[in-house]
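Here the numbering used here is used: the first residue of the sequence shown is 561, the next is one more, and so on.
Beta carbons are placed, not taken as given, at the ideal position from N, Cα and C, and that holds for glycine.
This report refers to the structure that appears directly beneath it.
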Amino acid sequence: MFVQLPLKIGLREEVCFDTYIAEEEGVAFKLAQFQQSLSDRQSDESFYVYGEVGTGKTHLLQAACRFVTEKNRASVYLPLADSSLPLIADVLHGLEQTPLVCLDDVDHVMGDPDWELALANLVMRSKALGHQVVMSGSSDVTSWSVETTEWLQALMSVMPITLKPLTRKQDIVLALQRHAQKLGFELPIEVGNYLVKQFSNDLQELLSVLKLLEQASFVEKRRMTLPFVKHILRVA
561 MFVQLPLKIG LREEVCFDTY IAEEEGVAFK LAQFQQSLSD RQSDESFYVY
611 GEVGTGKTHL LQAACRFVTE KNRASVYLPL ADSSLPLIAD VLHGLEQTPL
661 VCLDDVDHVM GDPDWELALA NLVMRSKALG HQVVMSGSSD VTSWSVETTE
711 WLQALMSVMP ITLKPLTRKQ DIVLALQRHA QKLGFELPIE VGNYLVKQFS
761 NDLQELLSVL KLLEQASFVE KRRMTLPFVK HILRVA
């Protein structure tokens, strides 16, 4: 296995680029560039994807890890905001030797000079080696309180990608269907429409419901029909 992850972290089966839906053409274009850069073994581009909760930042970082792993290249994923993993800046030392380093919630460590210097060194050394760093956060880099000039200079070589939540019902249902397909079952469109109507437009909440239904379908050996879904969710 070529993906290095903290012990409590694993790549979910359904996390890949195919299951990520972008409504805006500009975002879809940048994400296509992002994926294409991962295909290039000599690419030295680094990226920063950011957006509000539920826009798929972690999904994209883990999808990137899966993508390069399937091409027999090494990757590292670190969730910097995970309190169960007390990380220090030194953890980044030497990671420039890895073809792809993904750092989730990088804005969590902004304002800390040790982290900023470590990040600057990682980005610039990775670039020199033809390797990539992909980071995520909740806000634009212009809103950060950056303490070091080294990190400000390194950020000039990082391409930002703004993520937006899905708003169109058909796109939310399509995302659910693609996740279901990766989980090994078919989600009829009427079931997808029903879930959106009964719950919300929050894709993360809907994916949790989908996982529950997938487990119930497996246990009861039933297809994902609307009557079955209503039975499991106990709603009429």
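Beta-bridge partners of residue i, as assigned by DSSP
| i | result |
| --- | --- |
| Phe-607 | Val-694, Met-719 |
| Tyr-754 | According to DSSP, which records beta bridges pairwise, Tyr-754 is partnered with nothing at all. |
| Pro-646 | DSSP output for Pro-646 lists no bridge partner at all. |
Nearest-angstrom Cα separation, counted from residue j out to residue i
| i | j | result |
| --- | --- | --- |
| His-653 | Met-684 | 12 Å |
| Val-661 | Gly-614 | 22 Å |
| Phe-594 | Arg-626 | 14 Å |
| Glu-585 | Leu-591 | 10 Å |
| Leu-723 | Thr-618 | 12 Å |
| Thr-658 | Val-636 | 7 Å |
| Gly-744 | Leu-772 | 14 Å |
| Val-733 | Arg-794 | 21 Å |
| His-668 | Met-695 | 11 Å |
| Tyr-676 | Met-670 | Checking the displayed sequence, the identity of residue 676 turns out to be Glu instead of Tyr. For Glu-676 and Met-670, the distance between alpha carbons rounds to 7 Å. |
| Leu-621 | Asp-664 | 7 Å |
| Phe-788 | Val-769 | 14 Å |
| Gln-764 | Val-751 | 17 Å |
| Asp-700 | Ala-688 | 25 Å |
| Val-718 | His-791 | 49 Å |
| His-739 | Glu-774 | 11 Å |
| Trp-704 | Val-609 | 14 Å |
| Ala-776 | Ala-641 | 32 Å |
| Ala-714 | Val-706 | 12 Å |
| Thr-526 | Pro-673 | Only positions 561 to 796 of the chain appear in the structure, and residue 526 is not among them; the question remains open. |
| Ala-678 | Gly-697 | 17 Å |
| Leu-655 | Leu-682 | 7 Å |
| Leu-647 | Leu-638 | 9 Å |
| Gly-616 | Arg-633 | 23 Å |
Start and end residues, alpha helix (DSSP H) containing residue i
| i | result |
| --- | --- |
| Pro-787 | 786-793 |
| Arg-738 | 729-743 |
| Ser-686 | 673-688 |
| Gln-593 | 585-599 |
| Arg-626 | 617-629 |
| Val-779 | 763-780 |
Any C-beta of chain D under 8 Å from that of residue i
| i | result |
| --- | --- |
| Glu-707 | The displayed structure is made up of one protein chain only, and chain D is not part of it. |
Environment of residue i [buried if 16+ CB atoms lie within 10 Å]
| i | result |
| --- | --- |
| Val-666 | buried |
| Gly-611 | buried |
| Ala-588 | exposed |
| Gly-690 | exposed |
| Met-716 | exposed |
| Thr-709 | exposed |
| Val-779 | exposed |
| Ile-749 | exposed |
| Ala-582 | buried |
| Ala-735 | buried |
| Thr-702 | exposed |
| Ile-721 | buried |
| Gln-692 | buried |
| Phe-759 | exposed |
| Gln-737 | buried |
| Lys-568 | Note that Lys-568 has pLDDT 45, beneath the 50 cutoff, so the model's placement of it is unreliable and no number is given. |
| Leu-786 | exposed |
| Thr-579 | buried |
Range covered by the beta strand (DSSP E) that runs through residue i
| i | result |
| --- | --- |
| Leu-660 | 660-664 |
| Pro-639 | 635-639 |
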